[in-house]
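Asks:
In our numbering, the protein residues as written are 130 to 583.
1. 8 angstroms is my cut-off, CB to CB: does residue 377 come that close to chain D?
2. Pairing CB atoms from the segment 327-346 with CB atoms from the segment 136-156, are three or more of them under 8 angstroms?
3. Which same chain residues end up closer than 8 angstroms to residue 439 when comparing Cβ atoms and leaving out the 5 residues on each side of it in sequence?
4. Which residue marks the beginning of the alpha helix (DSSP H) containing residue 402, and which one marks its end?
5. Can you tell me whether residue 513 is buried or exposed? The criterion is at least 16 other CB atoms within 10 Å of its CB, across all chains shown.
6. Measure the C-alpha to C-alpha separation of residue 580 and residue 475 and round it to an integer number of angstroms.
7. Tell me whether residue 183 sits in a helix, a strand or coil according to DSSP, three-state version.
8. Quick check on the burial criterion: 16 or more other C-beta atoms within 10 angstroms. Buried or exposed for residue 209?
9. From what residue to what residue does the alpha helix (DSSP H) around residue 450 run?
10. Output needed for residue 454: all residues of its chain with C-beta closer than 7 angstroms, excluding positions within five of it in sequence on either side, in chain order.
11. So, helix, strand or coil for residue 350, using DSSP?
12. Using DSSP with H/G/I as helix, E/B as strand and the rest coil, what is residue 256?
13. In three-state DSSP terms, what is residue 168?
14. Looking only at C-alpha atoms, which of 200, 335, 572, 508 sits nearest to residue 70?
15. DSSP on residue 210, reduced to helix/strand/coil?
16. Using the Cα positions of residue 318 and residue 134, report the straight-line distance between them to the nearest angstrom.
17. Apart from the five residues on each side of it in sequence, which residues of its chain come closer than 8 angstroms, Cβ to Cβ, to residue 280?
18. Among 246, 353, 397, which residue has its Cα nearest to the Cα of residue 263?
19. Can you tell me the Cα-Cα spacing of residue 174 and residue 348, whole angstroms?
20. Return yes when the Cβ of residue 213 is within less than 8 angstroms of the Cβ of residue 157, no when it is not.
21. Which word fits residue 282, buried or exposed, when buried means at least 16 other C-beta atoms lie within 10 angstroms of its C-beta?
So, in structure tokens, the structure goes:
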């Protein structure tokens, strides 16, 4: 229960970290998107203002004769132009100039008639001479910087450009200022900001479920490894306790005897020795697997001839096969000697474990065959039996430590469930592999693939 709570808390932390990182990424992306949109619109505004200012400048300069003097022809270009020093100007009343037919005259600069634009004419000292378009609360003498952004008393922002004007005889006449309101630009950016700020929490909510799922997916191998470690610890404790319990029971029963003769003492010591050997072998196997996992096993690599190893295995296990009433044969399908660089003792033990298992799980009168052949640059060793077989759902688990396909048969023969894991570890240490093919009631085929010498 405590472990489950610990893993659940860790999963929450991982999900929170993932959601937090995604939140930072979304925030930076939103900020980048905002800046990109703002910059693009700002550049568009400047280009538009520059274009209008250039058109008015080119249309206005041919009409200018004397510096600081506004000629009457200027009104044809800017019909709504208002003079700054006039106490009342009919053109500033907002009435558009009409022709004889009562129709509004079309003037050269249509953009100024739009409500967002304004035009200001300044003399060389920067004093306001006339204006058209939006009326602004600006001082009579204004700054003459090329680009300027400011806000009026209501907080509405404006941006304009200042361009030098010249008379017909190329004398400095004054300045032309063309600008427009940034209200629609600010409104649009406000909408973008609200959209991003509202979309960020929604995006985090949408990320929450995948974060929890990904955290669980990431924790699954760790949780599985933890469960395997717990199972391994429990199995190891059980296997170690079994011979210790047998030794203790034997010693306690012997101590309860009032008289102990030599025969009983020898039987007791023989039982203790047998259980001690079993305990020692189990500890050695565990240490061997641990060293192989850490790749800390010191081994002497020599040239190993597989035909010789198979022959030695057949000779050593012949007695066990006869006792089990199983026929043990070998099938060498190559004429040349197959050799590889490896640890001969480990290779011997790997094959010994597989053949001994095959004999152990074979029924009386059946056959166990050790086959050897070559496939490309690999040696294939097959151990075939016609025993009880292995269920398909257990093919992967048989290489787990302390796992037994048939626990009753294994325990009666003294097996601890480490033979196949050791065999697989030895195969891996030699850059090889072990595969199993088996069906219940039809036997099993274990195939070892080992790389040969070049």
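Don't be surprised by glycine CBs; every beta carbon is placed ideally from N, CA and C.
Replies: Result, derived from the coordinates:
1. The chain inventory of the structure shown lacks chain D, comprising one protein chain alone.
2. yes
3. 459, 461, 480, 499, 501, 510
4. 391-422
5. buried
6. 15 angstroms
7. helix
8. buried
9. 447-452
10. 493, 494
11. helix
12. strand
13. helix
14. It is not possible to answer for residue 70, since the shown part of the chain is limited to 130 through 583.
15. coil
16. 47 angstroms
17. 286, 287
18. 246
19. 53 angstroms
20. no
21. exposed
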